[in-house]
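Reviewing the structure listed below.
In the working numbering, the protein residues as written are 5 to 461.
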């Protein structure tokens, strides 16, 4: 039902008929490194639609202008509601999110060994059927010897791992003509961000113009940390400082605001410096921000656009969109309520200067509440299995994935009653022994055996 202004919204759900629903309105918010969230108000002449026909089905929402598709939104239905029935049509409401949403329903504890972060993340995605993800990385991640997902959802674990590496993620909705397919993108830079047409500023329009424009634009600067220092420790080289620093300069603030943290969650320089750089960018990701409103339906999170015609020449530059909330209303879809109100679209957006690197804040890692019990493991037929440092391997009771053998965990250090540079003794736990495992700083990734106990045989 094209309107007088040429603007139209359509929506199709799964394999249901394409004309089953009319779009009354929608609101969809997308942000870097967050699941987008869309609320669709629909109307249908069918009053008896069942939730089973709609839930977990793909949705295709398209914004049209004069019969030409301006923007496509794709997602999965995770909430369905039936509203009132009017003279001819029944109201329905859908909540849509990307397929990545499914990872938030999976809660787990598991151990990943000798895997790079991208391999680890691919495993989580592929387990939920997300196979069209793209990793756009300038820096190859280092291998993680021992990495634990501890009592957290797959989504929380993925977001934590990505943030530590300095990756952001965004969802690509695809194009109506099929030239671009929907998919998840994880990246550590913005160099390949989509480039949009220049956005003309028209502050006098106040949102009433029918021409594509930005009609409100507010720029903000904040005082944030000026430097980051991260330090860690490795027993293989205890005298080495293993400390990395990164700083930035800003004429708008003092330079002595330092964020220091220990442990930095790295054991080598190859990870230490990138982790430090990512931490600084994350802590400063809102130091320079802009917020505005426009009627540009092509504005999408993670894209770049140049602002033009602003009365402040310093703001006429490239901007990276970090968040966009799209709002559309099509009252004619409810014929008995439509009246003469036109179809409208507008958005609110946030952006940062395009020469800055936006990175997500790093979520707090899970903390072990206390020591845990574990059983020492090793090859079948052996009594002792250790490395040159006297470390052994164990299997935790909650580990559902590892076999009861020499591959069940990484090497764990063993506390001894007497130890030093030129003296001490080694009492090695035997295969099958029950041991008490503590965790340095409560970190699931840093277990250490601190005791041994008898148990029933």
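Where is the CB? At the ideal position from N, CA and C, for every residue including glycine. Keep in mind the model is a prediction, meaning the values are calculated, not measured.
{"query": "Once you ignore the five residues that flank residue 454 on each side, which residues in its own chain have a CB closer than 8 Å to its CB?", "result": "375, 419, 440, 441 and 442"}
{"query": "According to DSSP, is residue 21 part of a helix, a strand, or is it coil?", "result": "coil"}
{"query": "With DSSP as the reference, please indicate the residues paired to residue 440 in a beta bridge.", "result": "377 and 455"}
{"query": "Run through DSSP, which three-state label would residue 105 get?", "result": "helix"}
{"query": "Using the Cβ count rule (16 or more neighbours within 10 Å means buried), how would you classify residue 142?", "result": "exposed"}
{"query": "Is the distance from the Cβ of residue 294 to the Cβ of residue 379 below 9 Å?", "result": "no"}
{"query": "Output needed for residue 162: all residues of its chain with C-beta closer than 7 Å, excluding positions within five of it in sequence on either side, in chain order.", "result": "107, 125 and 128"}
{"query": "So which of 288, 78 and 330 has the shortest CA-CA distance to residue 176?", "result": "78"}
{"query": "Quick one: what does DSSP say residue 50 is sitting in, helix, strand or coil?", "result": "coil"}
{"query": "Could you work out which residue in 251, 224 and 241 is closest to residue 233 when comparing CA atoms only?", "result": "251"}
{"query": "DSSP state of residue 446, grouped into three classes?", "result": "helix"}
{"query": "Using only CA atoms, which one of 360, 184 and 431 lies nearest to residue 388?", "result": "431"}
{"query": "Specify, as a first and last residue, the run of the beta strand (DSSP E) that residue 31 falls within.", "result": "26-35"}
{"query": "Looking only at its chain, what residues have a beta carbon closer than 7 Å to the beta carbon of residue 174, apart from the 5 residues adjacent to it on each side?", "result": "36, 189, 305 and 306"}
{"query": "Hey, how far is the Cα of residue 331 from the Cα of residue 89?", "result": "24 Å"}
{"query": "Flag this pair as touching only if the region 288-302 and the region 221-229 have three or more C-beta atom pairs under 8 Å; answer yes or no.", "result": "yes"}
{"query": "Does the region 345-360 come close enough to the region 46-66 that 3 or more CB-CB pairs lie under 8 Å?", "result": "no"}
{"query": "Secondary structure at residue 277, three-state DSSP: helix, strand or coil?", "result": "helix"}
{"query": "State yes or no: is the C-beta of residue 363 within less than 9 Å of the C-beta of residue 171?", "result": "yes"}
{"query": "Counting only runs that start and end within the region 117-177, where is the beta strand (DSSP E) found for 3 or more residues in a row?", "result": "138-140, 147-157 and 172-176"}
{"query": "Does residue 283 come out as helix, strand or coil in the three-state DSSP assignment?", "result": "helix"}
{"query": "Checking the sheet assignment: what are the DSSP bridge partners for residue 221?", "result": "296"}
{"query": "Here's the rule: buried if 16 or more other CB atoms are within 10 angstroms of the residue's CB, otherwise exposed. What is residue 40?", "result": "buried"}
{"query": "Any idea if residue 240 is buried or exposed, counting beta-carbon neighbours within 10 angstroms, 16 or more meaning buried?", "result": "exposed"}
{"query": "Which residue marks the beginning of the beta strand (DSSP E) containing residue 249, and which one marks its end?", "result": "247-251"}
{"query": "Looking only at C-alpha atoms, which of 436, 152, 285 and 96 sits nearest to residue 269?", "result": "152"}
{"query": "Does DSSP put residue 57 in a helix, a strand or coil?", "result": "helix"}
{"query": "Excluding five sequence neighbours on each side, which residues of the same chain lie with their C-beta closer than 6 Å to the C-beta of residue 33?", "result": "41 and 329"}
{"query": "At a cut of 8 Å, does the region 181-196 reach the region 309-320 through at least three beta carbon pairs?", "result": "no"}
{"query": "Going straight from the alpha carbon of residue 237 to that of residue 284, what length do you get?", "result": "21 Å"}
{"query": "Can you give the Cα-Cα distance for residue 111 and residue 123, rounded to whole angstroms?", "result": "19 Å"}
{"query": "Grouping DSSP H, G and I as helix and E and B as strand, with all else coil, what is residue 336?", "result": "helix"}
{"query": "According to DSSP, simplified to helix, strand and coil, what is residue 411?", "result": "coil"}
{"query": "Taking 7 Å as the limit between beta carbons, can you name the residues of its chain near residue 277, skipping five residues before and five after?", "result": "248"}
{"query": "Could you compute how far the alpha carbon of residue 326 sits from the alpha carbon of residue 353?", "result": "8 Å"}
{"query": "Tell me which residues share the same chain as residue 9 and place their Cβ nearer than 8 Å to its Cβ, disregarding the 5 neighbours each side in the sequence.", "result": "214, 346 and 347"}
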